[in-house]
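Below is one structure, written out as structure tokens, with a few remarks after it.
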Amino acid sequence: MLVPYPKRTSVASATSNRYPSSMLLVATTLSLLAFDVPQEPKPLRALVVSGANNHDWQWTTPEIVTTLTETGRFLCEVTDEPGKTLATAKERHARGELDVIVLNYNGPRWGEAAEQGFLAAVRAGAGVTVIHAANNAFPGWLEYEQMVGLLWRDGTGHGAYHPFDVNVVDAYHPITEGMRDLRMHPDELYHRLVLGQGAEFRVLLAAYSEPKTGGTGRYEPMATVASFGKGRVFHTPLGHVWTGVPASHATWFDPQLRRLVARGTEWAASGAVTLAPEPLNWLTEAERAEGFVSLFDGRKIEAFRSYRGAAPAPTSWRVRDAAIEHVAGGGGGDLVTEEEYGDFDFRFSFRVAPNGNSGVIWHVLETESETYMTGPEYQVLDDLGTKPDAKPSAGALYDLVPATGKQVRPAGTWNDGRIVVHNGRVQHWINGLMVVDVPCRGAEWDAMIKASKFRDWPFGKAEKGRIALQDHGDEVAFRNLRIRSL
7 MLVPYPKRTS VASATSNRYP SSMLLVATTL SLLAFDVPQE PKPLRALVVS
57 GANNHDWQWT TPEIVTTLTE TGRFLCEVTD EPGKTLATAK ERHARGELDV
107 IVLNYNGPRW GEAAEQGFLA AVRAGAGVTV IHAANNAFPG WLEYEQMVGL
157 LWRDGTGHGA YHPFDVNVVD AYHPITEGMR DLRMHPDELY HRLVLGQGAE
207 FRVLLAAYSE PKTGGTGRYE PMATVASFGK GRVFHTPLGH VWTGVPASHA
257 TWFDPQLRRL VARGTEWAAS GAVTLAPEPL NWLTEAERAE GFVSLFDGRK
307 IEAFRSYRGA APAPTSWRVR DAAIEHVAGG GGGDLVTEEE YGDFDFRFSF
357 RVAPNGNSGV IWHVLETESE TYMTGPEYQV LDDLGTKPDA KPSAGALYDL
407 VPATGKQVRP AGTWNDGRIV VHNGRVQHWI NGLMVVDVPC RGAEWDAMIK
457 ASKFRDWPFG KAEKGRIALQ DHGDEVAFRN LRIRSL
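Start counting at 1 in the sequence shown, then tack on 6, and there's your number in this note's numbering.
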């Protein structure tokens, strides 16, 4: 049975709530900005096969759904009754309703109609993603074993659950191109997987199976790709979660695994990879070396609190799509960082709803009733559908300096922002382009303030302060929040 998954108001994406018995996402039309920027690619349709597993499928299936939908690239549907759903897989693929089948299943055979429907869909070009214990499934089903390639069969095992590095061994495949090794990923490390009869595949990642943790003392494959007819198959033995062992949820809490699965599934679905190789809410090695720290891990709001308060307002700010999201009309006020910053380099991604308005406000003091009375604002809004009180200038230094030479992506999609305050100047960046570069101290700065709506407030005078995420009443989301002091 297929049950509609809760709709989003502005983007095609699933919530992180636990699904009922199955889920269906419905796309929402995105308004396009009047800029010469590429149109977003058509969402890929994924069917997640669940309903039986020797691992905690009730917990992992929703995590797999959010792993895909938080990228903005997928519409996901879940079936707990593959014996019924897969019988029409070929027809659904032919109608453009199914691009990839994601297997989180290890249970009874599906029956002749479903198995033939599954094989026919893949041979016709539907992709397949095989996750962890799905490679345990269906001993003796030769076509399935050939498709998966490496299988849990007699002689296969694993050592203790532990963190380990997963190394890219083939950097020339679209999935792994530009990807770094996964560092200290917590998981089970399958060893001695058995080759399926007639299987041919390509190994993309491998991990050293440490004897001290019960391993083999050799490198074991951790991600492979193959073809089956016209279909593409991505397989990873990673993704372990035991029922009743919450500590093993750390496997899917790792943004590195989530990005690998999303990129692998995108390739299986389309033959190409458009998702960036960097995981969401993750510091690159270069950023770590430069001294950046992350302000958000994709799961908990800990580095921010309510302005002039103790904690975020739970009804207005929430974590969704690996982002800090403000609910339209939810109230609650602005969020501010726990720490204060003087000169800094702050990088972030933002997504605003159609006709939405918000901002990132810096050098905020908590002496006034509103954040904008003391702190300058990097404007966040939908340039095409702005409200009457908002000047159409995403990335602008609000009411002081417009943003110029920018390229903005459509409302409902993600843009990359950056604010640099250093030695008395401020720069605003959007999608890699510097759009504001002016003094933020001295006579020119004072003159700009005098000519603005901020003239009667203690605005722009602080040399350090908090960074605020603005509640302007609209839906807005922020992620990839990282900062370094200069």
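Glycine included, each C-beta is placed from N, C-alpha and C at the ideal position.
Per the coordinates, the alpha-carbon of G161 lies some 12 Å from the alpha-carbon of L201.
Only residues of its own chain outside the window of five on either side were considered, and among them D405 have a CB closer than 8 Å to the CB of K459, listed in chain order. One alpha carbon belongs to E76, the other to K456, and they sit about 43 Å apart. Judged by pairs of C-beta atoms under 8 Å, the region 66–85 touches the region 260–269, as three or more such pairs exist.
Taking each of G204, E118, D86, L50 in turn and checking the Cα distance to V134, the smallest one comes out for L50. For Q64, the closest C-alpha among the options H478, A95, V247, D480 is that of V247. In the three-state reduction of the DSSP assignment, N110 falls in the coil class. Within the same chain, Cβ atoms closer than 6 Å to the Cβ of H369 are found at G381, A468, G471, the five residues on either side in sequence being excluded. The C-alpha of H241 is placed about 21 Å away from the C-alpha of H168.
Counting along the chain, P169 sits inside no alpha helix (DSSP H); it lies in the beta strand (DSSP E) bounded by residues 168–174. By the 16-neighbour rule on beta-carbons within 10 angstroms, M190 is exposed. When rounded, the separation of the alpha-carbon atoms in P285 and R98 is 31 Å. Counting C-beta atoms within 10 angstroms of its own C-beta, Q203 has fewer than 16 neighbours from the protein chains shown and is therefore classed as exposed.
Beta-carbon to beta-carbon, V172 and A213 are separated by about 5 Å, close enough to satisfy the 8 Å threshold. The continuous stretches of alpha helix (DSSP H) do not include T321, and DSSP gives it neither H nor E. According to the DSSP assignment, I455 belongs to no beta strand (DSSP E) but to the alpha helix (DSSP H) extending over 449–456. When DSSP states are grouped into helix, strand and coil, H164 belongs to the strand group. DSSP assignment within the region 353–437 yields the following whole beta strand (DSSP E) runs of 3 residues or more, N-terminal first: 363–370, 383–387, 421–428, 431–436. For L199, the secondary structure class from DSSP, reduced to helix, strand or coil, is coil.
Here G89 carries a helix assignment [DSSP, helix/strand/coil]. For F124, the secondary structure class from DSSP, reduced to helix, strand or coil, is helix. In this structure, DSSP gives Y313 a state outside helix and strand, which the three-state scheme calls coil.
If you draw a straight line from the Cα of W158 to the Cα of T419, it comes to about 40 Å. By a beta-carbon distance limit of 8 Å, G423 does not contact G448. Their separation comes to about 25 Å.
In the DSSP assignment, L439 falls within the unbroken beta strand (DSSP E) covering 439–445. In the structure shown, the three-state DSSP call for T77 is coil. As DSSP reads the structure, R238 sits in a beta bridge with S233. Between V108 and the set Q122, L188, T66, the nearest pair of CA atoms involves T66. When DSSP states are grouped into helix, strand and coil, V279 belongs to the coil group. Membership of A213 in the beta strand (DSSP E) is indicated by the continuous run 208–214. The residue from H61, L487, V55 with its alpha-carbon nearest to that of G250 is H61. For the options R415, K90, V482, the alpha carbon positioned closest to that of G335 is the one of V482.
By the criterion of a C-beta distance shorter than 6 Å, D340 is surrounded in its chain by Y313, T377, A474, Q476, D477, once the five residues flanking it on both sides are discounted. Relative to T373, the option among W463, S491, P261, A316 whose CA is nearest is W463. Under the three-pair Cβ rule at 8 Å, the region 224–241 counts as touching the region 123–130.
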